[in-house]
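Engineer:
Protein chains: 2
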Amino acid sequence: MPPGEFELIDRYFRPLDRPGGRRRTDVLLGIGDDAAVLRVPPGQDLVAAIDTLVSGRHFLPDTDPRSIGHRALAVNLSDLAAMGATPAWGLLALTLPAVDEAFLREFAAGFAQLAACHQFALVGGDTTAGPLTVSVQVLGFVPQGQALRRDGGSPGDLVFVSGTPGDAAAGLLLERGAEGGVVAPPEQAAAAQTLRQRFLFPTPRVALGEALRDLASACIDVSDGLAGDAGKLAAMSGCGLRLEADSLPLSAELLQVFGRERAVQLALTGGDDYELCFSLPAARLAELSGAAASGDCAVRCIGVLEAEPGTRLVQAGQPLSLETAGYDHFSPRG
Amino acid sequence: MPPGEFELIDRYFRPLDRPGGRRRTDVLLGIGDDAAVLRVPPGQDLVAAIDTLVSGRHFLPDTDPRSIGHRALAVNLSDLAAMGATPAWGLLALTLPAVDEAFLREFAAGFAQLAACHQFALVGGDTTAGPLTVSVQVLGFVPQGQALRRDGGSPGDLVFVSGTPGDAAAGLLLERGAEGGVVAPPEQAAAAQTLRQRFLFPTPRVALGEALRDLASACIDVSDGLAGDAGKLAAMSGCGLRLEADSLPLSAELLQVFGRERAVQLALTGGDDYELCFSLPAARLAELSGAAASGDCAVRCIGVLEAEPGTRLVQAGQPLSLETAGYDHFSPRG
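Going down the list, the sequences are from chains P and E. Going by the working numbering, the first sequence opens with residue 3, and the numbers climb by one from there. Going by the working numbering, the second sequence opens with residue 3, and the numbers climb by one from there.
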């Protein structure tokens, strides 16, 4: 890219190395050299993840760039949350069709606002020309040996989910509107706007993940649909899963716009929630309310791990097939 | 992506967490969870970089996927080398138009071969559907406080480059061939093939970077053209630069296929070298031969840092403008 474009990129991204205007003392060398130099605190393990958003696949081409900046970071912080890790630093690989100052400004603003909430510093990156693709790589800490994993559950452990799954998938349908999505009637405009915001600006459950470190037996972030992701946690723990459809925490907005049946479908299979799904030994149930409170986020028991492999979905005491629940209507996205 | 495609991707990438078939003991949790869990050795700083290759911009669309896998890692290891860091772990964000088993196999093979040379473990990643884009994020170690930087040079320091710059840019022209590049006559086929290999399979100067930790005053990797990158090192060190065109280490193959004048142009401005350019206090010149030997790579003095800002290129004792040397013919790439 011409030097002027580098300067423009630099203007918007360099301030991201000081989240909320404050420099992290563990960043010894930030943006501007061949690589960043960082210091991991003693007694901490390093947790690392990377996730990519591609235009037309993970967001609609006309999406507010502020949402793209927010989501690119949020989906990665959600991976750290699922490990119980505290976010620290990250790198951004941004591929742009053209250097558009308005896009850069809004993208950086969306990224910066979420980064400031978590004292998360951008310490480097690479901007290239090409089809719009955003990869964010994040690094965080967890006390040595305390990382949450997907494979620690046991039969009998209760299965929980945070927040209100399904809202984000509903929000995406509303964002699509007449083009393959859903148009809400005017009297549902406020609920529809709430659902759209849940898709555009998801909240990674970082504080909840930290609070679950000593408590959850296994944890996964819900990005591809709750039923599938909870099933992954169960399978990696060598268990099966019984899911109670009646226990799903459905938001009032989701129920208002989509009705109960569709709301259950969306909650089980919709994707893009970035909630945490975790298992908990039943004996530790009493400790959960404190963790949920410090995580500033409601959690709901939605099922139990069982010895028998596979996922069994139950509604009103009767088996419900995942296909009936709409599983095949939403294909997993790579 | 359909589940079968995930399995295919898994088949080729999961083995990359064991470079050369050996598991690193500092990888506590590798590919397959929400994030990787890693342990940085005591007394070491963490060094982090990310670089992206985009099809049609950083490699030709019909490039051997083995080269793409090699280069995607090599350009990042070169950033670690420039910091004096020892590579350890990395993450891969791969966006693919379609899941093509032959592509995945060859890409992974190219990546794996270079990774094994450096005991570098792939610990996670994300594969998405979209236009071919490869971002690799790398992490390495350097003893606390010993990272090489771009800004440590002083007037009077000698400026060195490793290897034979210009070869890779020449190789790219030969790869392009009749389509905007250069076609070598049959008697130069062997030299042309060597130059093409230098573009397709660059060697990151990791051992040299490690050897320079205690020695170089500043260091940068040469990716955008030697004159420009050496000029960046000088500017970040608050210096200017005098470059001696007659001192450039030009390969016999480059001279054979392109002639001296064009070879000098390519060496100064061509890009894609992934050599190290570093400054050295003159008083420490005697120590350099040992470092170069342990770095398994020739180095050559090509100039000196000066107090006066700017880059002064000299040939046969006369000033030579960078424009004359072809600087404007090769635009920097983003």
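Glycine included, C-beta positions come from ideal geometry on N, C-alpha and C.
#1: Taking the continuous alpha helix (DSSP H) assigned at E/Ser253, which residues delimit it?
#2: Tell me E/Val161's beta-bridge partners as DSSP assigns them.
#3: Under a three-way DSSP split, which group does E/Ser57 fall into?
#4: Since E/Glu108 is in the alpha helix (DSSP H), which residue starts that stretch and which ends it?
#5: What does a CB cutoff of less than 6 Å around E/Thr54 pick up in its chain, not counting 5 residues either side in sequence?
#6: Given this structure, state the Cα-to-Cα distance separating E/Arg262 from P/Phe105, to the nearest angstrom.
#7: Which of helix, strand or coil does DSSP assign to P/Pro145?
#8: How many Å lie between E/Arg178 and E/Arg215 at the Cα?
#9: For the region 251-271 of chain E, which residues have a CB atom closer than 8 Å to at least one CB atom of chain P, in sequence order?
#10: Skipping 5 residues on each side, what residues in its chain have a beta carbon closer than 6 Å to that of P/Leu268?
#11: If we require 4 or more residues per run, which alpha helix (DSSP H) segments fall completely within the region 171-213 of chain E?
#12: Can you give me, in chain order, the residues of the region 119-137 of chain P that have a beta carbon less than 8 Å from any beta carbon in chain E?
#13: If you draw a straight line from the alpha carbon of E/Thr205 to that of E/Arg13, how long is it in whole angstroms?
#14: Please identify the residue among P/Ser249, P/Ser296 and P/Gly86 whose C-alpha is closest to the C-alpha of P/Ala220.
#15: Hey, is E/His60's beta-carbon within less than 9 Å of any beta-carbon in chain P?
#16: Would you tell me roughly how many angstroms separate the C-alpha atoms of E/Thr27 and E/Leu18, rounded to the nearest one?
#17: Would you tell me roughly how many angstroms separate the C-alpha atoms of E/Gln46 and P/Val77, rounded to the nearest one?
#18: Return the bridge partner residues of P/Leu371 from the DSSP annotation.
#19: Taking DSSP as the reference, what is the three-state secondary structure of E/Asp223?
#20: Whose C-alpha, out of P/Thr166, P/Leu235, P/Trp91 and P/Leu31, is nearest the C-alpha of E/Asp36?
#21: Check the Cβ-Cβ distances between E/Gly182 and every residue of chain P, and say whether any is below 9 Å.
#22: Taking only three categories from DSSP, how would you classify E/Pro2?
#23: Around the C-beta of E/Asp81, are 16 or more other C-beta atoms found within 10 angstroms, so that it is buried, or is it exposed?
#24: Please confirm whether P/Val41 has its beta-carbon closer than 9 Å to some beta-carbon of chain E.
#25: Give me the residue from P/Pro43, P/Cys241 and P/Ala229 with the minimum Cα distance to P/Val316.
#26: Quick one: which chain E residues come within Cβ less than 9 Å of P/Ala84?
#27: Answer with yes or no whether the minimum CB distance from P/Ala95 to chain E is below 9 Å.
#28: Quick one: which chain P residues come within Cβ less than 8 Å of E/Asp248?
#29: Taking the DSSP output, what are the residues bridged to E/Ile33?
#30: Rounded to the nearest angstrom, what separates E/Leu10 and E/Ala111 at their Cα positions?
#31: When we look at the beta-carbon of P/Pro311 and count the other beta-carbons within 10 Å, is it buried (16 or more) or exposed?
#32: Got a sec: is the Cβ-Cβ distance from P/Ile52 to anything in chain E below 9 Å?
#33: Does the region 148-159 of chain P come close enough to the region 85-99 of chain P that 3 or more CB-CB pairs lie under 8 Å?
#34: At 9 Å on the CB atoms, spell out the chain P contacts of E/Gln317, in chain order.
#35: How about E/Ile222 and E/Leu278: are their beta carbons less than 9 Å apart?
#36: Exposed or buried, P/Gln121, counting other C-beta atoms within 10 Å across all chains shown (16 or more means buried)?
Structural biologist: From the atom records:
#1: As a working note, residue 253 of chain E is residue 251 in the second sequence. Neither: E/Ser253 is in no alpha helix (DSSP H) and is coded neither H nor E.
#2: Translated into the one-based positions of the second sequence, residue 161 of chain E becomes position 159. E/Val161 is bridged to E/Ser281 and E/Gly305.
#3: For the purposes of this step, residue 57 of chain E is identified with residue 55 of the second sequence, where counting begins at 1. E/Ser57: strand per DSSP, three-state reduction.
#4: For the purposes of this step, residue 108 of chain E is taken as residue 106 along the second sequence, with counting starting at 1. Segment Glu103 to Cys119, the alpha helix (DSSP H) holding E/Glu108.
#5: Mapped onto the second sequence, residue 54 of chain E falls at position 52. Excluding residues within five positions, the ones whose Cβ falls inside 6 Å are Ser137.
#6: For the purposes of this step, residue 262 of chain E is identified with residue 260 of the second sequence, where counting begins at 1. For the purposes of this step, residue 105 of chain P is identified with residue 103 of the first sequence, where counting begins at 1. Near 45 Å, if we compare the C-alpha coordinates of P/Phe105 and E/Arg262.
#7: Sequence index remark: in the first sequence, residue 145 of chain P carries index 143 (1-based). Strand, per DSSP.
#8: Translated into positions along the second sequence, residue 178 of chain E becomes position 176. Translated into positions along the second sequence, residue 215 of chain E becomes position 213. Answer to the nearest angstrom: the Cα atoms are 38 Å apart.
#9: Contact residues of the region 251-271 of chain E toward chain P are absent (C-beta to C-beta distance below 8 Å).
#10: The residue you call residue 268 of chain P lines up with position 266 of the first sequence. Hits under 6 Å: Gly168, Ala171 and Ala172.
#11: 191-202
#12: Val125, Gly126, Gly127, Asp128, Thr129, Thr130, Ala131, Gly132, Pro133, Thr135 and Ser137
#13: Start at 1 with the first residue of the second sequence, and residue 205 of chain E comes out as number 203. Start at 1 with the first residue of the second sequence, and residue 13 of chain E comes out as number 11. Roughly 27 Å between the two C-alpha positions.
#14: Position 218 of the first sequence, counting from 1, holds the residue named residue 220 of chain P. Nearest to P/Ala220 by alpha-carbon distance, out of P/Ser249, P/Ser296 and P/Gly86, is P/Gly86.
#15: Numbered from its first residue, the second sequence carries residue 60 of chain E at position 58. Yes - at least one Cβ of chain P is within 9 Å of the one on E/His60.
#16: Sequence index remark: in the second sequence, residue 27 of chain E carries index 25 (1-based). Sequence index remark: in the second sequence, residue 18 of chain E carries index 16 (1-based). Each residue's Cα considered, the two are about 15 Å apart.
#17: The sequence position of residue 46 of chain E within the second sequence is 44, counting from 1. The sequence position of residue 77 of chain P within the first sequence is 75, counting from 1. Near 29 Å, if we compare the C-alpha coordinates of P/Val77 and E/Gln46.
#18: One cannot answer for residue 371 of chain P here, as it falls past the ends of chain P, which runs 3 to 336.
#19: If you number the second sequence from 1, residue 223 of chain E lands on position 221. Reduced to three states, the DSSP call for E/Asp223 is strand.
#20: Taking the first residue of the second sequence as 1, we reach residue 36 of chain E at position 34. Measuring from the Cα of E/Asp36, the nearest candidate turns out to be P/Leu235.
#21: The residue given as residue 182 of chain E occupies position 180 in the second sequence. No, E/Gly182 does not count as interfacial toward chain P.
#22: Lying outside 3 to 336, the shown extent of chain E, residue 2 of chain E is not represented and no answer is given.
#23: Start at 1 with the first residue of the second sequence, and residue 81 of chain E comes out as number 79. Classification of E/Asp81: buried, given that the 10 Å Cβ count is 16 or more.
#24: On the first sequence, residue 41 of chain P is found 39 positions in, with the first residue counted as 1. Before going further, note that residue 41 of chain P is Arg rather than Val in the sequence given. P/Arg41 counts as touching chain E.
#25: Walking along the first sequence from the start, residue 316 of chain P turns up at place 314. Among P/Pro43, P/Cys241 and P/Ala229, the Cα nearest to that of P/Val316 is on P/Ala229.
#26: As a first step, residue 84 of chain P is located in the first sequence; it is residue number 82 there, counting from the start. The contacting residues are Asp35, Asp36 and Ala37.
#27: Within the first sequence, the letter at position 93 stands for residue 95 of chain P. Answer yes: the Cβ-Cβ gap between P/Ala95 and chain E drops below 9 Å somewhere.
#28: By one-based count along the second sequence, residue 248 of chain E stands at place 246. None at all; the shortest Cβ gap to chain P is about 28 Å.
#29: Position 31 of the second sequence, counted from the first residue, corresponds to residue 33 of chain E. DSSP, once it has assigned bridges, lists no residue as partnering E/Ile33.
#30: As a first step, residue 10 of chain E must be located in the second sequence, where it is residue number 8. As a first step, residue 111 of chain E must be located in the second sequence, where it is residue number 109. About 14 Å.
#31: In the first sequence, counting from the first residue as 1, residue 311 of chain P sits at position 309. Residue environment analysis places P/Pro311 among the exposed positions, since fewer than 16 neighbouring C-beta atoms fall within 10 angstroms of its C-beta.
#32: Residue mapping note: residue 52 of chain P aligns to position 50 of the first sequence, counting from 1. Taking Cβ atoms only, chain E reaches closer than 9 Å to P/Ile52, which makes this a yes.
#33: yes
#34: For the purposes of this step, residue 317 of chain E is taken as the residue at position 315 of the second sequence. Those within 9 Å of E/Gln317 in chain P number zero; the least Cβ separation is about 25 Å.
#35: Taking the second sequence and counting its residues from 1, the one referred to as residue 222 of chain E is at position 220. Taking the second sequence and counting its residues from 1, the one referred to as residue 278 of chain E is at position 276. Result yes, Cβ atoms of E/Ile222 and E/Leu278 sit closer than 9 Å.
#36: One-based indexing of the first sequence puts residue 121 of chain P at position 119. Answer is exposed; the Cβ neighbour count stays below 16.
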